[in-house]
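Structure record follows, encoded as structure tokens.
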Amino acid sequence: MSKDVILKVENISKQYRLGTVGTGTISHDFNRFLARIRGKEDPYLKIGASNNRASKSTSEYVWALKDISFEVKRGEVLGIIGKNGAGKSTLLKILSKVTGPTTGSIKSKGRIASLLEVGTGFHPEMTGKENIFLNGAILGMTKKEILAKLDEIVSFSGCERYINTPVKRYSSGMKVRLAFAVAAHLEPDILVIDEVLAVGDAEFQKKAIGKMQDISGKDGRTVLFVSHDMGSIKRLCTKSILLNNGKISNIGETENIVNEYLAINAPLNFCLSKTENKKELYFKSIKVYDDNSITKESYACSEYINIEVEIGINKYKENSSLFVIVMQSNESRVFSAEKLIDKNRYIYKLRVSKFFLAKGNYKLDSYLHIPKTERFDTLLSVCSFNVIDDLSPFTVHGSFNHGVVFGDFEWL
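Position one of the sequence shown corresponds to residue 1341 (the working numbering), numbered consecutively onward.
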């Protein structure tokens, strides 16, 4: 392992047995024991199914993770993203030594602190203050080292009033605030954080992300961060891993990995089933395509982007309109467009100018409504697409963030 690498994961796999686990025979247990001390695989393991919830395999074994390998350098913030069941939490539990891998190895330098689930690592009968000392001791810190950080931990958590109260009386939000404060301030070399920050309020989430940026940027420590909030992943992580069905689908620059994840999990086009819809006005389809009528995952800044909406009308409503919103992946609105509905027209097209949308990932929301009066139908987070900065005037500036749109301005 090279000098600047603090964590190296090599061919990690994790297999679980479904249903009741039998004890087997004494001879089987003895053979398993011999295999384990020789560093060999369990001779009675069956070839199991992959971690695919959509599959209907009848195997009694499932691979939650399969052949995971990556390196993390000192001071890096690594994002780990993927849909539910992809293996994110299993990977963090293995890295935190909560559970062991079935195969593979992990090499790390220094102390690892983890924040995996609400209340993990806390004894419910002990006070908040006592749990701070307990966690510090687990990390190998002396009482003197913990005392030096105590006031800072309590202040950051916002639990000053309850610090001498048993943790079992804390709310979920209080437990998360205290657990994060403990993990972040006791100076681990590697900080592992699962999605528990979602339990905290918006103010604390912002505070926690700022602290994680300080940990990596100023202190040069490493953070592994799992979240479904792509905005937080983009702001915080220098590199990211995309997990899919227990395997690494891709690893690289966070912007690219997030865009790939969103493209996989949002449909390129949206079409309703042909069953009868009884709404007065309703959506039949919405799609995005280029000037050759081709739907793609990515469009260049230098080409037009067309949005086409097909609607159905059971009963025309006066002053009704079609409202289309183009949004970033972090839910920020980029722009919106509205068109009054003609009772004899069913297809509407919106053309986005070339060199208008900046590089990034986008999706659509759309409504059929009478503004401020009545809403007939709604589509949310459909038609995900990427914009690639190919020939825009800002390409020469590399990764500098120029905002969401390229304006056609005039200098006077």
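Just so it is clear, CB atoms sit at the ideal spot from N, CA and C, and this is done for glycine as well. The model shown is predicted, which means the values in this text are computed figures rather than measured ones.
By Cβ distance, which residues of its chain are closer than 6 Å to residue 1687, with the 5 residues on each side in sequence left out? Leaving aside the five residues that flank residue 1687 on each side, the residues in its chain whose CB is nearer than 6 Å to its CB run, in chain order, 1650.
Rounded separation between residue 1744 and residue 1349 - CA only: Distance between residue 1744 and residue 1349, taken at the CA atoms: about 37 Å.
Through-space distance from residue 1661 to residue 1710, alpha-carbon basis: Looking at the two C-alpha atoms, the distance is approximately 6 Å.
Going by the CB atoms, is the gap between residue 1524 and residue 1486 shorter than 8 Å? No, the Cβ-Cβ distance between residue 1486 and residue 1524 is not below 8 Å.
Per DSSP, which one or two residues make a beta bridge with residue 1629? According to DSSP, residue 1629 bridges with 1646.
Since residue 1572 is in the alpha helix (DSSP H), which residue starts that stretch and which ends it? Under the DSSP assignment, residue 1572 falls in the alpha helix (DSSP H) whose first and last residues are 1570 to 1576.
So is residue 1572 buried or exposed if we call it buried at 16+ other beta carbons inside 10 Å? Looking at its Cβ environment, which holds 16 or more other Cβ atoms inside 10 Å, residue 1572 is buried.
Every unbroken beta strand (DSSP E) within the segment 1450 to 1515, with a cutoff of 3 residues, ordered by chain: List check, beta strand (DSSP E) in window: 1452 to 1455.
Of the residues 1510, 1549, 1676, the one placed nearest residue 1419, counting alpha carbons only: Closest by alpha carbon: 1549.
Tell me whether residue 1656 sits in a helix, a strand or coil according to DSSP, three-state version. Look at residue 1656 here: in three-state DSSP terms it is coil, with no helix or strand label.
Bridge partners for residue 1718 per DSSP, in chain order? DSSP lists 1707 as partners of residue 1718.
Hey, out of 1609, 1728, 1343, 1681, whose CA is closest to residue 1447's CA? Distance from the Cα of residue 1447 is smallest, within the candidate group 1609, 1728, 1343, 1681, for 1343.
Can you grab the Cα-Cα spacing for the pair residue 1432 / residue 1352, in whole Å? Rounded to whole angstroms, the separation of the alpha carbons of residue 1352 and residue 1432 is 12 Å.
Going by CA-CA distance only, name the one from 1445, 1617, 1641, 1626 that's closest to residue 1653. It is 1617.
Beta-carbon spacing of residue 1456, residue 1436 below 8 Å: Going by beta carbons, residue 1456 and residue 1436 fall inside the 8 Å limit.
Please classify residue 1509 as buried or exposed, where buried requires at least 16 neighbouring CB atoms within 10 angstroms. Residue burial annotation: residue 1509 is exposed, with fewer than 16 other C-beta atoms found within 10 angstroms of its C-beta.
Let me know the secondary structure DSSP gives residue 1567 once reduced to three states. It is coil, neither helix nor strand.
Go ahead and label residue 1528 buried or exposed: buried means 16 or more other beta carbons lie within 10 angstroms of its beta carbon, across all protein chains shown. Residue 1528 is buried by the Cβ-count criterion.
Residue span of the beta strand (DSSP E) that contains residue 1442, given as start and end: No beta strand (DSSP E) holds residue 1442; DSSP gives it neither H nor E.
By Cβ distance below 6 Å, which residues in the same chain neighbour residue 1622 in space, the five residues on each side in sequence not counted? Around residue 1622: 1652, 1717.
Leaving out five residues on either side along the sequence, give the residues of the same chain with a beta carbon under 8 Å from the beta carbon of residue 1592. Around residue 1592, the same chain offers 1579, 1580 as residues with beta carbons nearer than 8 Å, after the five sequence neighbours per side are excluded.
Does DSSP classify residue 1561 as helix, strand or coil? Of the three classes helix, strand and coil, the one that applies to residue 1561 here is coil, per DSSP.
Starting from the Cα of residue 1513, find the closest Cα among 1490, 1544, 1500 and give me that residue. Here the closest residue by C-alpha is 1544.
Would you grab the beta carbon distance between residue 1690 and residue 1674 for me? Rounded to a whole angstrom, and I think it's under 8 Å. The pair is not a contact, with the Cβ atoms about 13 Å apart (cut-off 8 Å).
Mapping DSSP to helix, strand and coil, what is residue 1401? Strand.
With which residues is residue 1622 paired in a DSSP beta bridge? According to DSSP, which records beta bridges pairwise, residue 1622 is partnered with 1652.
Determine the burial state of residue 1476: buried for a count of at least 16 other Cβ atoms within 10 Å of its Cβ, exposed for fewer. Residue 1476 comes out buried.
In angstroms with no decimal places, state the Cα-to-Cα distance between residue 1519 and residue 1453. If you take the alpha carbons of residue 1519 and residue 1453, they lie about 10 Å apart.
For residue 1601 and residue 1366, what's the separation of their Cα atoms in angstroms? Distance between the alpha carbons of residue 1601 and residue 1366: 47 Å.
Of the residues 1658, 1692, 1417, 1631, which one's Cα is nearest the Cα of residue 1557? If we check each option's Cα against that of residue 1557, 1417 comes out closest.
Assuming residue 1347 is part of the beta strand (DSSP E), what are its boundary residues? First-last of the beta strand (DSSP E) with residue 1347: 1345 to 1357.
For residue 1302, count neighbouring C-beta atoms within 10 Å of its own C-beta (all shown protein chains included) and say buried if the count is 16 or more, exposed if not. Residue coverage of the chain in this structure runs from 1341 to 1752, which leaves residue 1302 outside it and unanswerable.
Quick one: is residue 1430 buried, meaning 16 or more other Cβ sit within 10 Å of its Cβ, or exposed? Answer is buried; the Cβ neighbour count reaches 16.
How would you call residue 1713, buried or exposed, if buried means at least 16 neighbouring beta carbons within 10 angstroms? Around the Cβ of residue 1713, a 10 Å sphere holds fewer than 16 other Cβ atoms; the residue is exposed.
Residue 1691 in three-state terms, based on DSSP: The DSSP-derived three-state label of residue 1691 is strand.
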